[in-house]
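Visitor: Residue numbering for the sequence shown follows this note's numbering, beginning at 73 and increasing consecutively.
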Amino acid sequence: MRYLAYTMTAAAALLAAHAAQAQDSNQAEGSNVEVLHWWTSGGEAAALNVLKEDLQGQGIGWQDMPVAGGGGTQAMTVLRARVTAGNAPTAVQMLGFDITDWAQQDALANLNEIASEGNWDEVIPQALQKFSKYEGEWVAAPVNVHSTNWVWADASLMEELGLEQPQSWDDLIAAMQKAKDAGYTALAHGGQAWQDATIFDSVALVTGGPEFYRKALIDLEEEALTSDTMKQVFDRMATLRGFVDDNFSGRDWNLATAMVIDDKALFQIMGDWAKGEFLNADQTPGEDFVCFRFPGTSEQVLFNSDQFAMFDQGGEVSPQQAALAKAIVSPEFQIAFNKVKGSVPARTDIDVSEFDACGQQAYEDFKEAAASDNLMGSFAHGHANKAAVKNAMYDVITAHFNGEYDSETAMDELLTAVQINM
Ligand code: BGC
C-alpha cells in the first residue's frame, strides 16, 4: 500500500510536471508567429532578418515557413493546402488580389485597431489601400512597394562594350545585340512562368503605352487583347527570347541576377527585388551595376506591394499578430527593411535620404506616377487581376516564349484564358 501510495504520488508529481511543461511550451508556441513567405534568395533572406530581429527584440519568436518560388505562386498553393487542412499560418506574405480574395472568404483577421492607432489611413497611399482593405476594414499590413519595369545592367560590360543607357526599345535591342556579338549573354533570364510574365509587363507597357496596358492587362478588354499592339507585344517577346542563353530554362531569378553580378550577362529585366541581390553581393549602384526604368517607360510605374495578412485564429487578432502588423508599418522598420530589400517604403511620409540612388529614384517615381495617373498594378505580380486569370495568362505567355505558339495563336489563347477564368 505504502509503495502504491508513493507510486501514485510520484505519478501525480510527474503528471503535474508534464502538464507544467506542456503549458510552458504552449506559452512558448503562443508567443511565436508562424510566417509563411517566399523570401528565400540571399537578398530576400537578408531583408527578412530585419523583420525577424525586430520581433525577437519584442520577445516574439519566429517560426519560419519559407516556400521557395519567386512571385509566390508555390507559396499560395501551400497556403491553400494549409487553410483547407484547418491549419492556417499566423501571418502570410501576399500580393494584391490574393489578399482581397482571402478577405472575401472571411479568412483574415481585422487590423482596424492597429491601423487606427498607427494612422494608416493617412500614411498608406490609396493604390496600396485598395489591397490592404476589404469592404473598408484593414486586413493586411503593407511592407513595401516594388515595381517591375526596371532593367539591371552590368556596369563593367556597359563600359567594355561602349554602351550608353538605352533610351528606347531599339536602343535596348541594339545594346543586347552588341553583347551577344561579343560572346556575352545579353539577357540574364530564368525560364519560369512568372519571370516570363515579369518581362511581359514591361514589353506590354512600352509597346502600347499606359492606356493599352490598362485596357489589356487590368481591364481585360477584348479589343485590346486581340489588337495589333498585342501581336507586336508577343513578337517583341520572341525577339527577347533570342537574347537569353541556352541554359535559361527553369533558372531561378536570383541566379539570373548572379550572371549580371559576375559580369557574364549584360542586362536583367526584373523587379527591384533584384537590387537586393546586388547589395547582398556587396555591389554598389552606379559603380558595379546600373538601374534604369525599362526604356520608354520612365514615366510609369508598374507596382506590386508585399503585404502581410494575419489569418484569423478564431477570434480577435492575437497580440503577436498585432505586434507584427505594427512593427511592419512603423517608419523605422520601413526604412531598415526596404533599404535591404530593394523596394521602397509603403508609406508616403518617409525621408529616404539614407536610400541609395536607385531607391531614391524609385520612391520619387512612385509618388510622381501616383500623382499623374501613371501608377498601375503589375499584372505579373498579382496587382491587375485575380490569381485564376493571372495564372492562365502566365501559361500562354510562357508557351509562346518557349516557341509553342506563334504570336497569332498566343493572342487567341490569351483571350480564351481570360474569358474562361474571368
Ligand atoms: C515579391 C518580392 C519578391 C519577388 C521574387 C515578388 O512577387 O513582391 O518581394 O522578392 O517576388 O521572389
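Here a beta-carbon is modelled for each residue, glycine too, at the ideal position from N, C-alpha and C.
Who are the Cβ neighbours of A94 in its own chain at under 7 Å, not counting the five residues just before and after it?
Guide: At A94, the pLDDT of 36 sits below 50, so the modelled position is not reliable; the number obtained from the coordinates is stated separately. Excluding positions up to five away in sequence, the list is empty.
Visitor: Look at the alpha carbon of G414 and the alpha carbon of D300, and state the distance between them as a whole number of angstroms.
Guide: Approximately 35 Å between the Cα atoms of the pair.
Visitor: State the Cα-Cα distance for the pair K458 and F203, rounded to the nearest angstrom.
Guide: Their Cα atoms are separated by approximately 12 Å.
Visitor: Candidates V122, R308, A434 and S240: which alpha carbon is nearest F366's?
Guide: Comparing Cα positions, the closest option is S240.
Visitor: Can you tell which of M309, T298, L259 and D344 has the C-alpha that lies nearest to the C-alpha of D318?
Guide: Of the listed residues, the one whose Cα sits closest to D318 is L259.
Visitor: May I have the straight-line CA-CA distance separating S103 from Q392, to the nearest angstrom?
Guide: Rounded to the nearest angstrom, the two C-alpha atoms are 6 Å apart.
Visitor: Per DSSP, what kind of secondary structure is H61 in: helix, strand or coil?
Guide: The structure shown has nothing for residue 61, since the chain only spans 73 to 494.
Visitor: Beta carbon of V362, beta carbon of Q237: below 8 Å?
Guide: Going by C-beta atoms, V362 is nearer than 8 Å to Q237.
Visitor: Verify whether the separation of the beta carbon atoms of F315 and M248 is less than 8 Å.
Guide: Yes, the Cβ-Cβ distance between F315 and M248 is below 8 Å.
Visitor: With DSSP as the reference, label D484 as helix, strand or coil.
Guide: If DSSP states are grouped into helix, strand and coil, D484 belongs with the helices.
Visitor: Which term fits E436, buried or exposed, when burial requires 16 or more other beta carbons within 10 angstroms of its beta carbon?
Guide: Burial call: exposed.
Visitor: Going by DSSP in three states, M342 sits in which element: helix, strand or coil?
Guide: Three-state result, M342: coil.
Visitor: Can the beta-carbon of E116 be found closer than 8 Å to that of W266?
Guide: Cβ distance not < 8 Å, so E116 and W266 don't count as in contact.
Visitor: Pick helix, strand or coil for E125, following the three-state DSSP scheme.
Guide: Three-state result, E125: helix.
Visitor: For T156 versus Q385, is the C-beta spacing smaller than 8 Å?
Guide: No, they are not a contact pair.
Visitor: Taking its Cβ as the centre, do 16 or more other Cβ atoms sit within 10 Å of D390, making it buried, or is it exposed?
Guide: Per the sequence presented here, residue 390 reads as Ser, with Asp not at that position. So S390 ends up on the buried side.
Visitor: If you run the structure through DSSP and keep just helix, strand and coil, what is R308?
Guide: R308: helix per DSSP, three-state reduction.
Visitor: Between G144 and the ligand BGC, is the CB less than 7 Å from at least one heavy atom?
Guide: Yes, since a heavy atom of the ligand BGC falls inside the 7 Å radius drawn around the Cβ of G144.
Visitor: Relative to the alpha-carbon of F339, which residue among T481, I407, I290 and G262 has its alpha-carbon at the smallest distance?
Guide: Cα-wise, what sits closest to F339 is G262.
Visitor: Using the beta-carbon count (16 or more within 10 Å), is G106 buried or exposed?
Guide: Checking the displayed sequence, the identity of residue 106 turns out to be Glu instead of Gly. So E106 counts as buried.
Visitor: Please tell me whether, using a cut-off of 7 Å, the distance from the CB of D354 to the nearest non-hydrogen atom of the ligand BGC is below it.
Guide: No - the ligand BGC has no heavy atom lying nearer than 7 Å to the Cβ of D354.
Visitor: Roughly how many angstroms separate the alpha carbons of V195 and Q201, rounded to a whole number?
Guide: The straight-line gap from Cα to Cα measures roughly 10 Å.
Visitor: Pull the bridge partners of M448 from the DSSP assignment, please.
Guide: Answer is L374, bridged to M448.
Visitor: Considering only heavy atoms of the ligand BGC, does any lie closer than 7 Å to the CB of E116?
Guide: Answer for E116: yes, Cβ within range of the ligand BGC.
Visitor: Rounded to whole angstroms, what's the CA-CA distance from V58 to A251? Just pull it up for me.
Guide: Missing from the structure shown is residue 58; the chain here goes from 73 to 494 and no further.
Visitor: Using the Cα positions of G475 and G348, report the straight-line distance between them to the nearest angstrom.
Guide: Their Cα atoms are separated by approximately 32 Å.
Visitor: With respect to the alpha helix (DSSP H) encompassing L151, which residues constitute its N-terminal and C-terminal limits?
Guide: Looking at the DSSP string, the run of the alpha helix (DSSP H) that includes L151 is T145 to T156.
Visitor: At a cut of 8 Å, does the stretch 436 to 452 reach the stretch 368 to 379 through at least three beta carbon pairs?
Guide: Output reads yes: the stretch 368 to 379 touches the stretch 436 to 452.
Visitor: On the DSSP bridge assignment, give the partners of Y285 in chain order.
Guide: Bridge partners of Y285: none, in fact.
Visitor: If you measure between the beta carbons of D178 and A187, is that distance less than 8 Å?
Guide: Contact: no.
Visitor: Provide the residue span of the beta strand (DSSP E) that contains F427, from first to last.
Guide: No beta strand (DSSP E) holds F427; DSSP gives it neither H nor E.
Visitor: Confirm the yes/no value for this check: CB of N376, any heavy atom of the ligand BGC, distance under 7 Å.
Guide: Indeed, a heavy atom of the ligand BGC lies less than 7 Å from the Cβ.
Visitor: DSSP state of M137, grouped into three classes?
Guide: Strand.
Visitor: Kindly indicate which residue of D242, N410 and F169 has the alpha-carbon position closest to the one of V278.
Guide: It is D242 whose Cα lies nearest to the Cα of V278.
Visitor: Report the option in V468, D273 and S425 whose CA atom is closest to the CA atom of A452.
Guide: The candidate whose alpha carbon is nearest that of A452 is D273.
Visitor: Restricting to Cα atoms, I'd like to know which of E359, T257, E232 and K398 is closest to L497.
Guide: This structure gives no information on residue 497, because the portion of the chain shown stretches from 73 to 494.
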